[in-house]
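Engineer:
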Amino acid sequence: MTTAAVNLPIIDLSSSDSISSANSIRQACIECGFFYLVNHGVEEELFAELFDRSSNFFSLPLEDKLKFSRKHNRGYTALFSENLDFASSSKGDSKESFYVGPLDDPTQSNLNQWPPEDILPSWRPAVESYYRKVMSAGKRLISVIALALNLDEDFFEKVGAMDKPKGFLRLLHYPGELGSTDEEIYGASAHSDYGMITLLASNGVPGLQVCRDKSKQPRIWEDVLHIDGAFIVNIGDMMERWTNCLFRSTLHRVMPTGQERYSVAFFMDPNDDCVVECLKSCCSEASPPRFPPVRSGDYLEERFRLTYAT
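In our numbering, the protein residues as written are 1 to 310.
Right, dumping it as structure tokens:
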């Protein structure tokens, strides 16, 4: 069965008309929770280098990759070791990944695991360079999102969200050939991200799909098409909570296509101590706050714990 493609707006981060950009983001986040971001400052050459480095790591023998097995939410997760939707599949997701956590806070950065230079030359510098460029783009985007919420441009700075924001980079590899099975296999089963915003890049191989109405059964899935050089940005559960469900944290998944797919997700979250409480621009007498205030770090830690409880 063919799947229709979702029509998402393209936001130009270099545009001088920030009000127009904010209006487009607002509409996108209310309707779908996804949009494209272009002219964000991450060069095509850096994308190419990162996917090259990612391929180098995932091409290592499994025994070598397992030396970097995930600890403190950093490092390697093997094929089928994660299942984001137990209702849909018992086998686990057909992806392997590598997490890199915050770089600029010494108490956090020393938790990262890095393949040594003699195994993967220039791997760490390339990943760190990409991380910092995407973090910079994310910070600029957050100020436009503030405008989209009828807030001051520097609102998220003023509430402490952008004082040492937490960024997690996740390199992802979906193998092309999976062998025969009676069970439907998902590259990444249906889920919503649980942080603030996610900036995703891929090597152009299709597979990403969104479900705009998670309450409707059966679910209707739409393809998210690739645009060269563009990030696919989506809203996470924390931002949905912050906006009193005005902005949507949309279900998405990755379906195998028979082609090898690489992607890299950057999860941008507030400082751990930032208190996430309903924005005044998103509540009223008719729409009172749906969630109590919560410390960002506590919320994310609990969501991580539930995801990896198995």
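By construction, the Cβ of each residue, glycine as well, lies at the ideal position given by its N, Cα and C atoms.
Where in the stretch 37-84 do unbroken runs of the alpha helix (DSSP H), each at least 4 residues long, occur, reported from the N-terminal end onward?
Structural biologist: Those alpha helix (DSSP H) runs which fall completely within the stretch 37-84 and span 4+ residues are 44-58 and 62-65.
Engineer: How many angstroms separate the CA atom of residue 328 from the CA atom of residue 249?
Structural biologist: The requested residue 328 does not occur in the structure, where the chain is confined to residues 1 to 310.
Engineer: Do you know offhand how far residue 227's Cα is from residue 51's?
Structural biologist: Rounded to the nearest angstrom, the two C-alpha atoms are 16 Å apart.
Engineer: Applying the 10 Å Cβ sphere with the 16-neighbour rule, what's the burial state of residue 44?
Structural biologist: By the 10 Å Cβ count, residue 44 comes out exposed.
Engineer: So, for residue 214: in the same chain, excluding its five sequence neighbours on each side, which residues have a beta-carbon less than 6 Å away from its beta-carbon?
Structural biologist: 251.
Engineer: Do residue 237 and residue 194 have their CB atoms nearer than 8 Å?
Structural biologist: Closer than 8 Å, so yes.
Engineer: Is it the case that the Cβ atoms of residue 46 and residue 122 are separated by a distance below 8 Å?
Structural biologist: Cβ atoms of residue 46 and residue 122: not closer than 8 Å.
Engineer: Are the beta-carbon atoms belonging to residue 33 and residue 235 less than 8 Å from one another?
Structural biologist: Yes.
Engineer: Please go through the same chain and pick out, in chain order, the residues whose beta-carbon is closer than 7 Å to the beta-carbon of residue 150, but skip the five residues on each side of it.
Structural biologist: Answer for residue 150: 281, listed in chain order.
Engineer: Residue 59: beta carbon under 7 Å from a heavy atom of the ligand HEM?
Structural biologist: Ligands in the displayed structure: none, and consequently the ligand HEM is not present.
Engineer: Can we say the stretch 139-148 touches the stretch 21-31, given the rule of at least three CB pairs closer than 8 Å?
Structural biologist: Contact holds: three or more Cβ-Cβ distances are below 8 Å.
Engineer: Excluding the 5 residues flanking residue 56 on each side, which residues of the same chain have their C-beta closer than 8 Å to its C-beta?
Structural biologist: Excluding positions up to five away in sequence, the list reads 120 and 123.
Engineer: For my contact list, residue 270 and residue 161 are in at a C-beta cut-off of 8 Å; report their separation, rounded to the angstrom.
Structural biologist: So it is a contact: roughly 4 Å between Cβ atoms.
Engineer: Please identify the residue among 290, 168 and 208 whose C-alpha is closest to the C-alpha of residue 240.
Structural biologist: With distances taken between Cα atoms, residue 240 lies closest to 290.
Engineer: Should residue 275 be labelled buried (16 or more other beta-carbon atoms within 10 Å of its own) or exposed?
Structural biologist: Result: exposed.
Engineer: Determine the closest residue to residue 14 out of 140, 103, 48 and 93, with distance taken between C-alpha atoms.
Structural biologist: Minimum Cα distance to residue 14 is reached at 140.
Engineer: Taking 8 Å as the cut-off, does the stretch 69-81 touch the stretch 93-113 (at least 3 CB pairs, one atom from each stretch)?
Structural biologist: Yes, since at least three Cβ pairs between the stretch 93-113 and the stretch 69-81 fall closer than 8 Å, the two stretches touch.
Engineer: Going by C-alpha to C-alpha distance, which of 133, 188 and 196 sits closest to residue 81?
Structural biologist: Selected option, being the one with the closest Cα: 188.
Engineer: Does the separation of the CB atoms of residue 197 and residue 233 fall below 8 Å?
Structural biologist: Closer than 8 Å, so yes.
Engineer: Return the chain-ordered ranges of every beta strand (DSSP E) run that is complete within the stretch 138-216 and spans a minimum of 3 residues.
Structural biologist: Those beta strand (DSSP E) runs which fall completely within the stretch 138-216 and span 3+ residues are 166-174, 188-191, 197-202 and 208-211.
Engineer: If you scan the stretch 92-146 from start to end, which runs of the alpha helix (DSSP H) of 4 or more residues do you find wholly inside it?
Structural biologist: Correct list: 106-109.
Engineer: Can the beta-carbon of residue 311 be found less than 8 Å from the beta-carbon of residue 174?
Structural biologist: Residue numbering for the chain in the displayed model covers 1 to 310; residue 311 lies beyond these limits and cannot be assessed.
Engineer: Terminal residues of the continuous alpha helix (DSSP H) containing residue 239?
Structural biologist: Counting along the chain, the alpha helix (DSSP H) containing residue 239 begins and ends at 237-242.
Engineer: Kindly indicate which residue of 138, 49 and 166 has the alpha-carbon position closest to the one of residue 106.
Structural biologist: Closest option to residue 106, Cα to Cα, is 166.
Engineer: Quick one: residues in its chain with C-beta nearer than 6 Å to the C-beta of residue 207, no 5 flanking neighbours on either side, listed in chain order?
Structural biologist: The answer, listed in chain order, is 187, 254, 255, 257 and 261.
Engineer: Helix, strand or coil: how does DSSP classify residue 222 here?
Structural biologist: Three-state DSSP puts residue 222 in a strand.
Engineer: So, with DSSP's three-state summary, where would you put residue 16?
Structural biologist: Residue 16 falls in the coil class under three-state DSSP.
Engineer: Bridge partners of residue 294, per DSSP?
Structural biologist: According to DSSP, residue 294 bridges with 276.
Engineer: Since residue 265 and residue 170 are thought to touch, with beta carbons under 8 Å apart, how far apart are those beta carbons, to the nearest angstrom?
Structural biologist: That belief holds up - the Cβ atoms of residue 265 and residue 170 are roughly 5 Å apart, short of 8 Å.
Engineer: Classify residue 293 as buried or exposed, calling it buried when 16 or more other Cβ atoms lie within 10 Å of its own Cβ.
Structural biologist: That one is exposed.
Engineer: Can you say whether residue 53 is buried or exposed, counting buried as having 16 or more other CB atoms within 10 angstroms of its CB?
Structural biologist: That one is buried.
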